[in-house]
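In UniProt numbering, the protein residues as written are 1 to 576.
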């Protein structure tokens, strides 16, 4: 540029290079015009001017902009999306119903076919009246499992009249099918006898189980021994609530009933003549094992056991600290207040009933069952925070150390044992074990036995580790295996004793019935036909004879408002 020009100089960026431009130089002005830059360094706009467009997805509206969107959020409703426009154009389109709490309604034609079949069966009876003994034909004609017959007979009003008429049953069945559309809802409606509640109580199942005792071909040998009917019934109901009642509320809901296999097992009874093949709930061999174990602990035979009695279970294998937790009310329903009141009055602690013992034995012998894991978790969770902390584990393991040192067994320090347990459980939260962590682990028996069952803990230490894996692969559960082994031992022991009185008390006193039985049975009539029987222990199905006693009722009167108090623990006792 010409240095002779007069004026001022400025520094302007031209093509990314800073140059000195003189305002008086004509050549400099031409250079700026060619690059679209004025003397102040600003680039002049190009014509025609078009603003730069931001790339947008294809699904965006043509009128979309960030400014308009922000203004609409604050001032008006959001813009219509593609789905909203489609819904607006098809307002008559309805989403079909997908939730049916009482089951999906069936075809009305099927109901009429069922009613016609029932009508034809009723016409074969005199005056179209069917008694309880013949009501099984009506139950099958209605499409229900055979052993629904007793609850269905009672629900139709047959218990008062002794029979059910045709019109009465047709009206009842129409009303039932109009509100209940699947087997679970109908079963609950029948057993609750049309009462407006959506859960089952233990007393609702008594008529069904008693009918199984009276009519199942696999229990014909038990008909003559009426004193054991009620105990078998209570055992079955306890097992049902142990497996089905997941909420520990003492009330089986419709959801729990649908999730369980109880209805399938009841239907299986119809086709299986051997009751012992139905290992879920109804097996007589399982009842025999449970009741004999209870009978051995109950020395005074008042149908209740205390801490000292329970401590003798399995040759004092359980720790005293765990037994204290069991009787503290963590796994029993409504006993905590009774314990505190009895201690204030100077009376012995509240005892464990037979139905509570059923839960204990099932949990003790099969620690892989979900309910057993919950049972022992409640016992070990001292503070009720839903976790097993390190101090709680040390509390129970400390007694195990003392017991092993007392018998001269070399024991593992708590720190080493804790490392093994944490490696085995692998808790989600470091330093504390949750209930979910235990349910995910397949070696919960080893975990629990380490802290409160010395005998089984030593068995685990001496056992082949690969044997445990083989046991997991088999279909038979730990409880089924234990019941089968114990039943064979009890039958062999009973067959080897010529004198049945050896099962009685050691002092030779008659123990056919408890002297306190009058106080725990709501209504009872019993007669002693043989003063030399010396025992009220049940016999195996291979050695039944005329019973010496007859008991017509076995309902407890222990101050609880309902029988459900014996079948589940209070869910508020321990936070999960």
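The beta-carbon is built from N, C-alpha and C at its ideal position, and this holds for glycine as well. None of these values were measured; they are calculated from a predicted model.
Taking 8 Å as the cut-off, the Cβ atoms of residue 284 and residue 290 do not count as close. By alpha-carbon distance to residue 233, the top candidate from 32, 354, 490 and 461 is 354. At a Cβ-Cβ threshold of 8 Å, residue 424 and residue 447 count as neighbours. A Cβ-Cβ contact shorter than 8 Å links residue 368 with residue 478.
A check of alpha carbon separations from residue 249 across 211, 199, 106 and 237 identifies 199 as the nearest. A residue is called buried when at least 16 other Cβ atoms come within 10 angstroms of its Cβ; residue 121 meets this threshold and is buried. In the DSSP assignment, residue 305 is bridged to 352.
The straight-line gap separating the alpha-carbon atoms of residue 182 and residue 485 is approximately 39 Å.
Under the three-state reduction of DSSP output, residue 165 falls in the strand class. Check the Cα spacing between residue 322 and each of 256, 395 and 267: the tightest is with 395.
Under the criterion of beta carbons closer than 8 Å, residue 420 and residue 319 do not qualify as touching, at roughly 19 Å. About 16 Å separates the beta carbons of residue 288 and residue 212, which is beyond the 8 Å limit, so they are not a contact pair. The C-beta distance from residue 397 to residue 379 rounds to 14 Å, too long to meet the 8 Å contact threshold. Per the C-alpha coordinates, the member of 364, 453, 115 and 308 positioned closest to residue 480 is 364. In terms of CA proximity to residue 307, 328 leads the group 171, 386, 328 and 222. Comparing alpha carbon positions, the residue from 433, 117 and 286 closest to residue 491 is 286. Less than 8 Å divides the Cβ of residue 173 from the Cβ of residue 115. With 16 or more neighbouring CB atoms inside 10 Å of its own CB, residue 251 falls in the buried class. The C-alpha of residue 332 lies about 43 Å from the C-alpha of residue 130.
When the Cα atoms are used, residue 462 and residue 137 turn out to be separated by approximately 57 Å. Counted as a single uninterrupted DSSP element, the stretch harbouring residue 220 is not any alpha helix (DSSP H), since DSSP gives it neither H nor E.
Distances from the CA of residue 241 to each of 24, 362, 95 and 94 were compared; the closest alpha carbon is that of 362.
Cβ atoms of residue 257 and residue 184 come within 8 Å of each other, at about 5 Å. Restricted to the stretch 86-134, the alpha helix (DSSP H) segments that are unbroken, complete and at least 4 residues in length are 108-122, listed in chain order. Note: residue 318 is bridge-paired with 453 in the DSSP secondary-structure output.
For residue 200, the three-state secondary structure derived from DSSP is strand.
Counting along the chain, no alpha helix (DSSP H) covers residue 279, and no H or E run does either. DSSP, read as helix, strand or coil, puts residue 194 in coil. Bounds of the alpha helix (DSSP H) holding residue 436 are 435-440.
For residue 370, the uninterrupted alpha helix (DSSP H) segment begins and ends at 370-380.
Rounded to the nearest angstrom, the gap between the Cα atoms of residue 299 and residue 312 is 11 Å.
The criterion of a C-beta distance shorter than 8 Å is satisfied by residue 191 and residue 204.
The beta carbons of residue 151 and residue 207 sit about 5 Å from each other, so the pair counts as a contact at 8 Å.
Taking the Cβ atoms as the reference, residue 111 lies roughly 5 Å from residue 177, within the contact range of under 8 Å. Residue 441 holds the alpha-carbon nearest to the alpha-carbon of residue 370 among 135, 187, 441 and 171. Of the candidates 315, 449, 157 and 119, 119 places its Cα closest to the Cα of residue 141.
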